[in-house]
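With mature numbering (1 follows the signal peptide of the UniProt record, and there is no 0) applied, the sequence shown covers -21 to -1, 1 to 100.
Idealized CB from N, CA, C, for every residue including glycine.
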Amino acid sequence: MRRTAVFLALLLCLLWTGAQGEDGGGTGKKEGEFDIQGAHDQSSSQTQMRTDLWAELKELRDIAIEHRIKIQRLEQDNTATQVRLTASESKNAVLETRMSSSEKEVEELQRENAGKKQKLL
């Protein structure tokens, strides 16, 4: 999913730079006239645009790597939390069993005490 999003972003950037080259390249002169300074400026701006594009791509790559590392850490934390949860659930089940048996024992002792009390009276 993330790779697709990054790929689409890069594709849009490439399409955008191509559109800039087609639409933004005009100097307002008639067809057939050649302007050396304009050609140099256009070449310079395209070079700068490519440099900026590569810098953005490298930055996106670095961000993607950082996010991948964060996701790996979160997955490790999640796994550790799940292990602790499972251990707590098993301890809880044991304690519930002990409490249930203790409650039954208390009820039995109460019945015995009630029976002994009636015999004494």
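* To do: Measure the Cβ-Cβ separation of C(-9) and E38 and say whether it is below 8 Å.
  => Along the sequence shown, read from residue 1 onward, the residue named residue -9 stands at position 13. Along the sequence shown, read from residue 1 onward, the residue named residue 38 stands at position 59. No.
* Count the C-beta pairs between the stretch 22 to 31 and the stretch 45 to 62 that are closer than 8 Å, then say yes if the count reaches three, no if not. => no
* Helix, strand or coil at M(-21) according to DSSP, with G and I counted as helix -> Residue numbering aside, residue -21 sits at position 1 when the sequence shown is read from its first letter. Three-state DSSP puts M(-21) in coil, outside helix and strand.
* To do: Using only alpha-carbon positions, find the residue among W33, T(-5), M28 and I42 that is nearest to A(-17).
  => Sequence index remark: in the sequence shown, residue -17 carries index 5 (1-based). The option with the nearest alpha carbon to A(-17) is I42.
* Does DSSP put L(-7) in a helix, in a strand, or in coil? -> Taking the sequence shown and counting its residues from 1, the one referred to as residue -7 is at position 15. Helix.
* For M28 versus T65, is the C-beta distance shorter than 8 Å? -> Position 49 of the sequence shown holds residue 28. Position 86 of the sequence shown holds residue 65. No, the Cβ-Cβ distance between M28 and T65 is not below 8 Å.
* Asked: In three-state DSSP terms, what is L100?
  -> One-based indexing of the sequence shown puts residue 100 at position 121. In this structure, L100 counts as coil in the three-state DSSP scheme.
* To do: Give every residue of the same chain whose Cβ lies closer than 8 Å to the Cβ of G11, excluding the five residues on either side of it in the sequence, and list them in chain order.
  => Residue 11 sits at position 32 when you count from the first residue of the sequence shown. A caution first: G11 carries a pLDDT of 49, below 50, which makes its placement in the model unreliable, though a value can still be read off. Contacts found: none.
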